[in-house]
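Encoded as structure tokens, the structure appears first; notes follow it.
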Amino acid sequence: MSIARKILLVILDGVSDRPIEGKTPLQSANAPNLDRIANLGINGIMDTIAPGIRPGSDVAHLALLGYSPYEVYTGRGPLEAAGIGIRLNEGDIAFRCNFATMKDDIIVDRRAGRIRDTMELTRAVQDGVQLDVEFTFERSTGHRAVLVLRGRGLSSHVSDSDPKHEGTPSRIIEALKPEAQKTADILKEFVIQAGKLLEKHPVNAERIKTGKAPANTILIRGAGMKPNIKTFSERYGLKGAIIAETGLVIGIGRICGLNHIEADGADSDIDANVRSAIDALKDHEFVLLNIKGADDASHDGSAEKKIKFITKIDKALKPILDIKNALVVVTADHSTPVSIKDHSADPVPVTIMGPGVRVDAVRVYDEINAATGGLNRIRAIDLMPILMDLVNRTKKFGA
Ligand code: ZN
Ligand code: ZN
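This is the structure we're talking about:
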């Protein structure tokens, strides 16, 4: 009997759901390849953090990679920064930012009409704002950007300015501890100066003229310092790679020391991403592939869109069935029920297919059948140890 040497971890972001008129989207979708994987594998359900805890994608991915988010998570800012390749030094504070639209002091669009080309606006802010500390302001995907403050006496204990929903003013950035007052003051200054530059920028004048929302303010959130993380290869002795669309997930991979591989197609081309992941297995022992999309459909509250997207994922996953000598894991980072348009704590289905697994009686890939499988109910933090055991790389405990 052969033993698997490599691991492909496929994360279908937010695919897991609750029943809608009796069936979950995974149950409703026609997904013969996912079913085949479940049929050939061992199945179970998984709490990505713990029962009853609603996970964000970031902490869920850390746990899936075997890192306790309670120990290593230092906020989203550093992850987003890593996602666009900014290296943080000790003492730097990173923030996630949104270009947003403000009208009469009210945030009317948190994403500035989902603006895409923020190149010139970003440059105007980086070149024009004057602060008492060094800073880097770089664009990320879409309306997102990253701010890094660099200097003495900075603190990540500051509140967000992002009100999280439209129709209210942005929040006042506050020091959550006395030593963070300087940082809070610098951030307020940054927002004021950036706002003035953006307000009169020609890109925004053009956007207003064409009926688009101007990106005339910046919302700040997710303050954090550089996390102290043992790399994936130090921890497991595996050379790892990550293929993902979102900056945050790429950032987590990078912080854990995984090589980020860009697919040879558009970011959202699932077929290209699957091909790249299979290809990456040639010179990596571990590959994480995150497929976004199902989560977006859920946040939009569209079951129809979600079911359609699952069918699309299923077609793209077909080549995975031909992988030899590797474990293939198909799971999700959290449930995103269409009914609540947000993440929930419901456990997600997990299947492990490959040499050596105890194939169980589960025939189809969904939340309900998975619960009857041989893995029973695990936590995401258990997944890497289980996989490491299956590839025969764990040390024996005891004699
Ligand atoms: Zn997610
Ligand atoms: Zn989500």
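Counting from 140, one number per residue, gives the positions in the sequence shown under the numbering used here.
Every residue, glycine too, gets a C-beta built ideally from N, C-alpha and C.
Source: prediction; values computed, not measured.
Uninterrupted beta strand (DSSP E) stretches inside the region 309-376 (no shorter than 3 residues): 356-363
CA nearest to the CA of I181, picked from D521, R532, G495 and R235: G495
E474 classed as buried or exposed, judged by whether at least 16 other C-beta atoms fall within 10 angstroms: Per the sequence shown, residue 474 should be read as Ser rather than Glu. It counts as buried.
Contact the region 501-513 vs the region 433-451: 3+ CB pairs below 8 Å: no
Start and end residues, beta strand (DSSP E) containing R291: Segment: none, R291 is in no beta strand (DSSP E) and carries neither H nor E.
The region 213-224 in contact with the region 243-263 per 3-pair CB rule at 8 Å: no
Contact the region 262-279 vs the region 374-384: 3+ CB pairs below 8 Å: no
R291, buried or exposed, once every other Cβ within 10 Å from all chains shown has been counted against 16: exposed
Which listed residue (S141, V149 and I347) has its alpha carbon closest to that of V467: V149
Y209, buried or exposed, once every other Cβ within 10 Å from all chains shown has been counted against 16: exposed
Pair within 7 Å by beta-carbon distance, S279 and V285: yes
Short Cβ contact (7 Å threshold) for A177 with T490: yes
At least three beta-carbon pairs within less than 8 Å, the region 159-176 to the region 518-533: no
The region 183-192 contacting the region 418-433, beta-carbon criterion three pairs below 8 Å: no
Beta carbon nearer than 6 Å to a non-hydrogen atom of ligand 1: D152, G153, S196, D434, D472 and H473
Alpha carbon of Y206 to alpha carbon of G493, nearest angstrom: 24 Å
For V413, three-class secondary structure by DSSP: helix
Rounded separation between D499 and L204 - CA only: 25 Å
Residue burial classification, T163 (beta-carbon count within 10 angstroms, cutoff 16): buried
Option nearest A416 by Cα separation, candidates K351, L456 and R393: L456
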